[in-house]
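Remarks on the structure that follows.
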Amino acid sequence: MQAPADIQDVIAHIRHALDHAFARLDAWFDHPASERQYRPQAGGWTVEEVLEHVGLTNHFLLILIDKGAAKALKNQAGLDLATELQGYRFADARLDEIGLHKSFEWMRPAHMEPTGAQPLAAVRRQLHEQLRHCHRVLDALPHGEGVRYRTTMSVNGLGKIDVYQYVYFLARHAERHLAQLARIREEYRAATR
Numbered sequence: 003m004q005a006p007a008d009i010q011d012v013i014a015h016i017r018h019a020l021d022h023a024f025a026r027l028d029a030w031f032d033h034p035a036s037e038r039q040y041r042p043q044a045g046g047w048t049v050e051e052v053l054e055h056v057g058l059t060n061h062f063l064l065i066l067i068d069k070g071a072a073k074a075l076k077n078q079a080g081l082d083l084a085t086e087l088q089g090y091r092f093a094d095a096r097l098d099e100i101g102l103h104k105s106f107e108w109m110r111p112a113h114m115e116p117t118g119a120q121p122l123a124a125v126r127r128q129l130h131e132q133l134r135h136c137h138r139v140l141d142a143l144p145h146g147e148g149v150r151y152r153t154t155m156s157v158n159g160l161g162k163i164d165v166y167q168y169v170y171f172l173a174r175h176a177e178r179h180l181a182q183l184a185r186i187r188e189e190y191r192a193a194t195r
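Numbering (the numbering used here), first residue to last: 3 to 195.
Laid out in structure tokens, this is it:
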């Protein structure tokens, strides 16, 4: 993605990425149970487990996003918003790579592993609320305030990213798993012909 012209374009781009990814995730809940519960022959997660993992990961990302947004609004670093926005660059190829399944190696923490303990309907409700939560964060940072706080993201060597980039990371992570879900569906269809 090329760097948008201004912060309103950045926010609109992030909103679109979120809405697109979450709508596609939501559609998976309506697939037949046999497809959602199919385990790939080489091992790995079922569709239901992937959906649970996305919800778990979002939960922990949103904790960090909320902390970052609060610090950005307080402007603890004393940064001048106009100055920060003047040289702002949102685009980062490494950030977009997050959305490509198996584009890099990363061992997720154990607390982001699906357990199957949460009912599927609860996972769906959780994802709906997480999308609304992301929109609330963006609503709270409408003028570029999210650039005033950066925190380290070790995934794919991203380094310090701002609050907007963190929210975009969340959307790209969902895209990563949408590619995984498509591969599971292809294998399921081939196995059940």
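For each residue, glycine too, the CB sits at the ideal point set by N, CA and C. No experiment lies behind these values; they were computed from the predicted model shown.
Query: Terminal residues of the beta strand (DSSP E) in which R152 lies; Result: 152–155
Query: The region 140–151 touching the region 24–32, judged by at least three CB pairs closer than 8 Å; Result: no
Query: Where the alpha helix (DSSP H) containing Q10 begins and where it ends; Result: 9–30
Query: Beta-carbon separation (whole angstroms), A23 vs L180, contact threshold 8 Å; Result: 7 Å
Query: Rounded separation between R185 and F171 - CA only; Result: 22 Å
Query: Which residues DSSP lists as bridging D164, in chain order; Result: R152
Query: Separation of E115 from D68, as counted between CA atoms; Result: 22 Å
Query: Supposed close pair V56, L129 - CB separation, criterion 8 Å; Result: 7 Å
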